[in-house]
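In terms of our numbering, the sequence shown opens at residue 1 and continues consecutively.
Yeah, the Cβ is synthetic: ideal placement off N, Cα and C, and Gly gets one too.
Since the structure is predicted, the reported quantities are computational estimates derived from the model, not experimental observations.
Have a look at the structure below, then the notes.
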Amino acid sequence: MEFWISLFADLRDNGFFDGGFLDKSLLQFCCMGLIQDELDDTAQIWNAHTIRPSKNISNPSGRPSVMYALPELYHTRDFLTSANTESVQLCKNECTFRRPISCDPDVNELCNVIISESQLNIPRDPYQAMNLYMHLRDVIRALL
1 MEFWISLFAD LRDNGFFDGG FLDKSLLQFC CMGLIQDELD DTAQIWNAHT
51 IRPSKNISNP SGRPSVMYAL PELYHTRDFL TSANTESVQL CKNECTFRRP
101 ISCDPDVNEL CNVIISESQL NIPRDPYQAM NLYMHLRDVI RALL
């Protein structure tokens, strides 16, 4: 994540990000999928790695995904607790769930039109994302 923070700081420091609605939406459009993929990969790696035994016997060792799925192998029990339907619904009402698109719907539509007209592709790495961001930013600002 430090890489992304540095990349965004460079945009700001070089005058290519003003913190406004358009710039935020464009960064979300161009980068959110890549960032989410990176977070998902990190979670998968973390959950599959082996926690080494330590001198503190209250800290279990093993693979987190196995420890969660098969607690009996670690001489413990499943700590899942059932919740009533009303409590679950209350939580759902109070949550903000991830939308299927990562930015404002109008900006998303405009970006997809520009990408199609320009025969561009969805970025597969951060540098492609920055190139797309700059292109979309220039095209949209020229329209304003």
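(message) Using only CA atoms, which one of F17, G20 and M32 lies nearest to R99?
(response) Along the sequence shown, one-based indexing puts residue 99 at 99. The candidate whose alpha carbon is nearest that of R99 is M32.
(message) Counting C-beta neighbours from all protein chains within 10 Å, is the total for L158 16 or more, i.e. buried, or is it exposed?
(response) As displayed, the chain neither begins before 1 nor continues past 144, which places residue 158 out of reach and without an answer.
(request) Figure out for me which residue from I114, N47 and H75 has the closest Cα to the Cα of S58. (result) As a first step, residue 58 is located in the sequence shown; it is residue number 58 there, counting from the start. Out of I114, N47 and H75, H75 has the C-alpha closest to the C-alpha of S58.
(message) Please report the distance separating the alpha-carbon of E109 from that of I115.
(response) The residue you call residue 109 lines up with position 109 of the sequence shown. The residue you call residue 115 lines up with position 115 of the sequence shown. Those two C-alpha atoms are separated by around 10 Å.
(message) Let me make sure I understand the geometry here. Which of S61, K55 and S65 has the alpha-carbon closest to that of Q44?
(response) As a first step, residue 44 must be located in the sequence shown, where it is residue number 44. The shortest C-alpha to C-alpha distance from Q44 to any of S61, K55 and S65 is the one to S65.
(message) In whole angstroms, give me the CA-to-CA distance for R52 and E38.
(response) Stepping through the sequence shown from its first residue, residue 52 is reached at position 52. Stepping through the sequence shown from its first residue, residue 38 is reached at position 38. Going by the C-alpha atoms only, they are around 24 Å apart.
(request) Along the alpha helix (DSSP H) that carries G33, what are the first and last residues, could you check? (result) As a first step, residue 33 must be located in the sequence shown, where it is residue number 33. From DSSP, the alpha helix (DSSP H) with G33 extends over F21 to A48.
(message) According to DSSP, G62 sits in a beta bridge with which residue or residues?
(response) Here residue 62 refers to the residue found at position 62 of the sequence shown. Partner(s): I51.
(request) Determine the direct distance from the alpha carbon of F97 to that of Q89, and round the result to whole angstroms. (result) For the purposes of this step, residue 89 is taken as residue 89 along the sequence shown, with counting starting at 1. For the purposes of this step, residue 97 is taken as residue 97 along the sequence shown, with counting starting at 1. Each residue's alpha carbon lies about 13 Å from the other.
(request) Kindly indicate which three-state DSSP category I57 falls into: helix, strand or coil? (result) The count along the sequence shown starts at 1 and reaches residue 57 at position 57. Shown here, I57 sits in coil according to DSSP, grouped into three states, outside any helix or strand.
(message) Just to confirm before moving on: does the CB-CB distance between C30 and Y127 stay below 8 Å?
(response) The sequence position of residue 30 within the sequence shown is 30, counting from 1. The sequence position of residue 127 within the sequence shown is 127, counting from 1. No. Outside cutoff.
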